[in-house]
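Comments concern the structure below.
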Amino acid sequence: MRIIKTENYEKMSSVAAAIVGAQIVLKPSSVLGLATGSSPIGTYKSLIKGYQDGIYDFSQVKTVNLDEYVGISGENENSYRYFMNDNLFNYVNIDKANTHVPDGMAADKNAECKRYEDLACSMGYADLQLLGIGQNGHIGFNEPLDYFPLSVHEVDLTESTIQANSRLFEDESQVPRTAITMGIGTIMQAKKLLLIAGADKKAIIEEAFYGKITPQVPASILQLHRNAIVVIAEN
Ligand code: GLP
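Residues 2 to 236, numbered by the working numbering, are exactly what the sequence shown covers, in order.
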């Protein structure tokens with residue numbers, strides 16, 4: 002595992018975008034596993050700039066997102082589908098038909114989880130998976146547990162995640178209580194992992210990447226991946 006320390010959020014974003022961009026340059030038909038949250042916004046901005054400057058071409062890129070809230074549709078501005086359109090897809094030459102996010106409105110959640118795992122598998126899983134990290138060490142929505150969930154599943158969000166994510170909703174009661182997320186196994190299938198974390202994540206970064214590997218800190222499993230890069234902002 003490589004840990005790259007950068008000065009601040011802007012530099013972290015530029016470094017992460019350079020790694021994602023290099024992936025697209027080297028393999029134009031890459032499958033990118035993508036993430037939401039405030040951590041990747043700067044990375045997406047930098048990728049959009051690279052597209053506008055004619056460096057990155059998304060025409061053959063396919064994407065598969067980590068997770069989605071249950072019970073809100075893609076038109077809802079708090080949904081992760083909306084986030085992806087609004088922060089990246091609408092501003093680059095990607096074919097939206099090649100972008101995938103779990104369907105939080107699916108009537109049969111188990112069938113949707115299976116469909117999404119099969120889809121990721123049929124795409125050969127991600128060439129590069131971008132990840133943020135929750136304050137409790139969650140990746141995607143894999144919350145601390147006694148085991149590492151393998152495949153796509155519906156998950157109950159913890160109180161701390163509901164509280165942390167409520168900043169984007171009108172109030173806490175509006176935050177969905179469950180989500181569909183890639184499992185740790187789905188994430189670990191990616192050929193390369195790229196986790197980005199701002200300075201507010203220092204304590205959990207220490208625990209996850211300099212501590213023991215445990216499902217109580219889901220991100221700690223990255224220590225076992227062959228090709229994991231963590232880009233941290235120091236300030
Ligand atoms: C959410 C997402 C995660 C993300 C995490 C951290 O719960 N499901 O994928 O990594 O929040 O978000 P932020 O980057 O806003 O701190």
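Ideal Cβ placement from N, Cα and C applies to all residues, glycine included.
Being a predicted model, the structure only gives us computed values, none of them experimental.
Considering only their Cβ atoms, is the gap separating residue j from residue i smaller than 9 Å?
i, j, result
"L158", "A36", "no"
"Y70", "E76", "no"
"G51", "G22", "yes"
"V153", "M183", "yes"
"G141", "L67", "yes"
"P216", "F149", "yes"
"E11", "E235", "no"
"N137", "I73", "no"
"M13", "L223", "no"
"M189", "L225", "yes"
"A209", "V218", "yes"
"I181", "K110", "yes"
"V102", "M85", "yes"
Indicate the three-state DSSP secondary structure (helix, strand or coil) for residue i in the structure shown.
i, result
"R82", "helix"
"G43", "helix"
"N143", "strand"
"T162", "helix"
"G212", "coil"
"Y10", "helix"
"E76", "coil"
"I134", "coil"
"N111", "helix"
"T37", "coil"
Report yes or no: do three or more beta-carbon pairs, one from the region 195-214 and one from the region 151-167, lie closer than 8 Å?
-> Because the criterion of three Cβ pairs below 8 Å is not met, the region 195-214 and the region 151-167 do not touch.
For ligand 1, which residues have a Cβ under 6 Å from at least one heavy atom, in chain order?
-> A36, T37, G38, S39, S40, L67, D68, G133, I134, G135, G141, F142, T162, N166
Is the region 122-140 touching the region 31-47 in the sense that three or more CB pairs, one from each, lie closer than 8 Å?
-> yes
Should the region 52-64 be regarded as contacting the region 93-102, the criterion being three or more beta carbon pairs within less than 8 Å?
-> yes
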